[in-house]
Amino acid sequence: LFFNLLNLFATHLAIKWPFQSPQRLKASQPGMLICTSNIPRIVVCGNSGIGKATAVDLARRGARVILACRDKAKGESAVYDIRRESGNSEVILMILDLASLNSVRAFAQSFLASEPRLDILINNAGVFQAGQTADGFDLAFQVNHLSHFLLTHLLLDQLKCCAPSRIVILSSSAHTSAKFNFGTLKKPNKWMMKGAESYCNSKLANILHARELAKRLEGTNVTCYVVHPGEWKSRSKAPQMDCSIRNCKAGAQTSIHCATEEGIERLSGRDFVDCQPKVPSPLACDDHIKSHFCDQLILPSVPQDLL
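Letter by letter, the sequence shown follows residues -16 to -1, 1 to 291 of mature numbering (1 follows the signal peptide of the UniProt record, and there is no 0).
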């Protein structure tokens, strides 16, 4: 079972690219990066808010950014904006609907067929909406966590082949309000919760997933980080949460830090707030909960033919 799980899991704005490698982008001055032999490939999920702000910064540094979006028209508009703001034409749109596990699989297949490498995967989603997906799962839980779990698994071999590489997972301080009911672990499709409750649970799930990934990826040179952006202005946020003190550019700083900062490899699996490591809630640090969550909820939830 351990090796099956190992195979399954196996895979803020800083001024430098990570990894001392001639194949990476190198920082010559703060805010400036130059390209060397191979251009890093980065997948960023999201065409607005923090995802878009993250993509702009990484594209400005010279990376090839694959923007994973559900809506083609909005995605094309975001790609246009990112290219214009960054001065980098290497920004590509690929369709990904996180509310559909089949779409996640199709995206992964298309990406692997068209892109020779993957250096950084940024799982960025934070929807509040209540509802049920066509796959039978709570909408917010699937979009914010379950589909990213599947996407990470499907791209993990590519990340290993391109190591050193990184996975950045967007969580939230809202995870402190999460309350998992382990009596429903074997019936996740019955998790029909209010939007806020589901959002909090999905953000706790992000942290548990990252901690487990970091553990199982030890020795692979693939590292994983959780980021908490703070409250920020984004259309995906509920109206009552849109009175934040941060704009999206500021909210993206920790994501970019974990994607680019040198010397944080030893902090794989840790949470970051304002570009600094921070201890999450006691629930997120509970190894018993982590094991039950990963082994009894998530693994049985993903259809085996999609893995």
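Built from N, CA and C at the ideal position, the CB exists for glycine as well.
Which term fits residue i, buried or exposed, when burial requires 16 or more other beta carbons within 10 angstroms of its beta carbon?
{"i": "residue 6", "result": "Low confidence applies here, because residue 6 scores a pLDDT of 24, under 50, leaving its location unreliable; read the following figure in that light. Residue 6 is exposed by the Cβ-count criterion."}
{"i": "residue 235", "result": "buried"}
{"i": "residue 75", "result": "buried"}
{"i": "residue 202", "result": "exposed"}
{"i": "residue 250", "result": "exposed"}
{"i": "residue 260", "result": "exposed"}
{"i": "residue 47", "result": "buried"}
{"i": "residue 182", "result": "buried"}
{"i": "residue 68", "result": "exposed"}
{"i": "residue 97", "result": "exposed"}
{"i": "residue 107", "result": "buried"}
Excluding the 5 residues flanking residue i on each side, which residues of the same chain have their C-beta closer than 6 Å to its C-beta?
{"i": "residue 88", "result": "131, 134 and 135"}
{"i": "residue 186", "result": "124, 125, 128 and 129"}
{"i": "residue 117", "result": "83, 123 and 126"}
{"i": "residue 349", "result": "Residue 349 falls outside the range modelled here, since the chain spans only -16 to 291, and no answer is possible."}
{"i": "residue 36", "result": "62"}
{"i": "residue 115", "result": "123"}
{"i": "residue 207", "result": "150, 249 and 252"}
{"i": "residue -4", "result": "No answer about residue -4 holds up, because its pLDDT of 27 lies below 50 and its placement is not dependable."}
{"i": "residue 141", "result": "none"}
Note down, in chain order, each residue of its chain lying with its Cβ closer than 7 Å to the Cβ of residue i, except the 5 sequence neighbours on either side.
{"i": "residue 92", "result": "135, 138 and 139"}
{"i": "residue 40", "result": "66, 69 and 70"}
{"i": "residue 262", "result": "255 and 256"}
For residue i, which beta-bridge partners are listed by DSSP?
{"i": "residue 40", "result": "Bridge partners of residue 40: none, in fact."}
{"i": "residue 241", "result": "In DSSP, residue 241 forms no bridge with anything."}
{"i": "residue 48", "result": "25"}
{"i": "residue 149", "result": "206"}
{"i": "residue 55", "result": "Residue 55 pairs with nothing; no bridge assigned."}
{"i": "residue 193", "result": "Bridge partners of residue 193: none, in fact."}
{"i": "residue 233", "result": "According to DSSP, residue 233 bridges with nothing at all."}
{"i": "residue 262", "result": "255"}
{"i": "residue 154", "result": "211"}
Considering only residues of the same chain and omitting the five flanking positions on each side of residue i, which have a CB-CB separation below 8 Å?
{"i": "residue 59", "result": "31, 51, 53, 77 and 79"}
{"i": "residue 94", "result": "78"}
{"i": "residue 55", "result": "31"}
{"i": "residue 145", "result": "101"}
Subject >> the segment 49 to 66 / the segment 248 to 262 touching (three or more Cβ pairs under 8 Å) >> reply: Taking a contact to require three or more Cβ pairs closer than 8 Å, the segment 49 to 66 and the segment 248 to 262 do not qualify as touching.
Subject >> Ordered list of beta strand (DSSP E) runs contained in the segment 57 to 138, each at least 3 residues >> reply: 75 to 79 and 104 to 107
**OP:** Spell out a yes or no on whether the segment 187 to 196 and the segment 237 to 249 are touching, meaning 3 or more CB-CB pairs, one atom from each, closer than 8 Å.
**Re:** no
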